[in-house]
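Using my numbering, you'd call the opening residue of the sequence shown number -16 and step up by one each time.
Taking it in order: structure first as structure tokens, then the write-up.
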Amino acid sequence: MALRRLCERVLGPSGLGVEPDTRGFFVRLQGRALASSAAARGRCEALVYHQHGEPLRVIQLETLKSPQLRDSDIRAQMLAAPINPSDINMVQGTYPILPDLPAVGGNEGVGQVLDVGSKVTHLKPGDWVIPSDTGLGTWRTEAVGDMNGFIKVPNNIPLLCAATLGVNPCTAYRMLCDFETLKPGDSVIQNAANSGVGQAAIQIAKARGLKTINVIRQRPDLQQLTDSLMSLGADYVITEEALRKPEMKELFKKVPRPRLALNGVGGRSATEILRHLEKGGTIVTYGGMAKQPVTVPVSALIFNNVKIRGFWVTQWKRDQGHDLLQEMISELCDFIQAGMLMAPVCTKIKFQDYQTALEAAATPFISSKQILIM
Ligand SMILES: NC(=O)c1ccc[n+]([C@@H]2O[C@H](COP(=O)([O-])OP(=O)(O)OC[C@H]3O[C@@H](n4cnc5c(N)ncnc54)[C@H](OP(=O)(O)O)[C@@H]3O)[C@@H](O)[C@H]2O)c1
């Protein structure tokens, strides 16, 4: 329901305002024919889906008419927006919260403010903003919405950092802070270490003096990926297969057993990382890329008393509100400005070439976040 309310606030009651809408919110014009001239103010191009399904099949580029600006609204030109796994799940219709259809894809990205309504005092044209909640539909060239739906970020940080700041670094930050009290020298183990969340976790952990044990899948370019994660600040990079080998004992002579495990995969990978937890440690599940349930060995519960937890950044943002989110974003931006937090490895793709980006986003072992550049 909350997502529906947000979509209504941003897009009008029918998601895209295709139906007559008293505010004149995003009225759909026509398909690709108008797309190239849509840069003109008052219109925008958007990646729209009218039904759930595989993104390549159901998403199309359409031209929408922008709504009138209300007193508390801002209008932003979208600059860049990533394709995250949850965006794909939302289009597929498998995500726990779904917008009404038709809808515009994408939940994360950065925009530059073009206009503000008369009641907006803390934002001005030229400022950069990111959405404060899920559901904006960021795969569009222009967005209009209530000022409270956006968080200001400095416009001197790298574009790709701003475009990918609101979801994965926030998730990594919260998981490293909110579940175990960790001190410098303590260690954290995580799977999907090359994911957007994983890369952010490596860097935030490093900034806090924590050691990371990073698990990735076996692949042809293993050494290259290992080097890349080490250059971000990873202390150890191992494959899922290595997790099951006796050599792990040698590793724990060099680094303390982790009190915290971050699980973005599920299935066997999750079981294997939680086996290495310190007694009483916590495994936090935030993703399920393997689409397999998490199986917890009885011995881990009885003899190691591990805690099994989950985390969802969307819920955190809704529960904690704008001020705490702004505080965390400011701290993450300080990390970025200090050179301690970089964007994940990215591939920039022209917005109009969205099909190439969607295809790449669905390719395993690609190790690169697809970013639509508007
Ligand atoms: N709970 C939350 O609040 C929250 C927030 C952000 C993200 N997430 C979730 O976290 C996960 C990662 O998101 P992201 O944006 O960081 O991802 P990403 O940058 O797109 O990376 C995807 C990761 O998943 C791995 N992967 C893909 N298929 C896999 C499989 N079958 N088995 C094992 N690993 C697999 C990839 O490894 P390879 O390179 O080996 O393919 C890569 O490490 C997603 O499930 C996402 O929905 C949750």
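All C-beta atoms in this analysis are idealised placements derived from N, C-alpha and C, irrespective of residue type, glycine included.
Note the first and the last residue of the continuous beta strand (DSSP E) segment covering Ile57. The residue you call residue 57 lines up with position 74 of the sequence shown. Its beta strand (DSSP E) spans residues 56 to 65.
Sub-9 Å separation of Thr182 and Val328 beta-carbons: Residue 182 sits at position 199 when you count from the first residue of the sequence shown. Residue 328 sits at position 345 when you count from the first residue of the sequence shown. It is worth fixing the name first, because residue 182 is Gln in this sequence and not Thr. Yes. Within cutoff.
With DSSP as the reference, label Thr265 as helix, strand or coil. As a position in the sequence shown, residue 265 is number 282, starting the count at 1. Of the three classes helix, strand and coil, the one that applies to Thr265 here is strand, per DSSP.
Cβ pair Val359, Tyr32 closer than 9 Å: There is no way to answer for residue 359, as the model of the chain reaches only from -16 to 357.
Assign Asn90 to one of two classes, buried (16 or more other C-beta atoms within 10 Å of its C-beta) or exposed (fewer than that). As a working mapping, residue 90 is identified with position 107 in the sequence shown. Classification for Asn90: buried.
DSSP puts Thr195 in a beta bridge; with which residues? Reading the sequence shown from its first residue, position 212 is the one you call residue 195. Looking at the DSSP assignment, Thr195 forms a beta bridge with Val171.
What I want to know is whether the C-beta of Asn362 ends up closer than 8 Å to one or more non-hydrogen atoms of ligand 1. Outside the displayed span of the chain (-16 to 357) sits residue 362, for which this structure offers no information.
Compare the C-alpha of Pro68 against each of Ala155, Glu224, Met272, Pro203 and name the closest. On the sequence shown, position 85 is the one that residue 68 refers to. Looking at the Cα atoms, Met272 is the closest of the given residues.
Of all the CB atoms in chain B, is at least one closer than 9 Å to the CB of Leu284? Here chain B cannot be found, since the structure has a single protein chain.
Considering only heavy atoms of ligand 1, does any lie closer than 8 Å to the CB of Gly250? As a working mapping, residue 250 is identified with position 267 in the sequence shown. Ligand 1 has a heavy atom closer than 8 Å to the beta-carbon of Gly250.
Bridge partner(s) assigned by DSSP for Ala244: Within the sequence shown, numbered from 1, the residue matching residue 244 stands at position 261. The partner list for Ala244 (beta bridge, DSSP) reads Ile172, Ile266.
Grab the span of the alpha helix (DSSP H) containing Pro152 for me, first residue to last. Locating residue 152 in the sequence shown gives position 169, where the first residue counts as 1. Unbroken alpha helix (DSSP H) run through Pro152: 151 to 161.
Please report the Cβ distance between Ala145 and Ile113, rounded to the nearest whole angstrom; I am assuming they are in contact, meaning their Cβ atoms lie under 8 Å. As a first step, residue 145 must be located in the sequence shown, where it is residue number 162. As a first step, residue 113 must be located in the sequence shown, where it is residue number 130. The pair is a contact, with the Cβ atoms about 7 Å apart (cut-off 8 Å).
With a threshold of 7 Å on Cβ separation, who are the neighbours of Leu212 within its own chain once the five nearest residues in sequence on each side are excluded? On the sequence shown, position 229 is the one that residue 212 refers to. Ala176, Asn177, Ile185, Asn197, Val220.
Leu106, DSSP secondary structure in three states: Here residue 106 refers to the residue found at position 123 when the sequence shown is read from its first residue. Leu106 falls in the coil class under three-state DSSP.
So which of Val41, Asp70, Met325, Arg242 has the shortest CA-CA distance to Asp169? As a first step, residue 169 must be located in the sequence shown, where it is residue number 186. Of the listed residues, the one whose Cα sits closest to Asp169 is Arg242.
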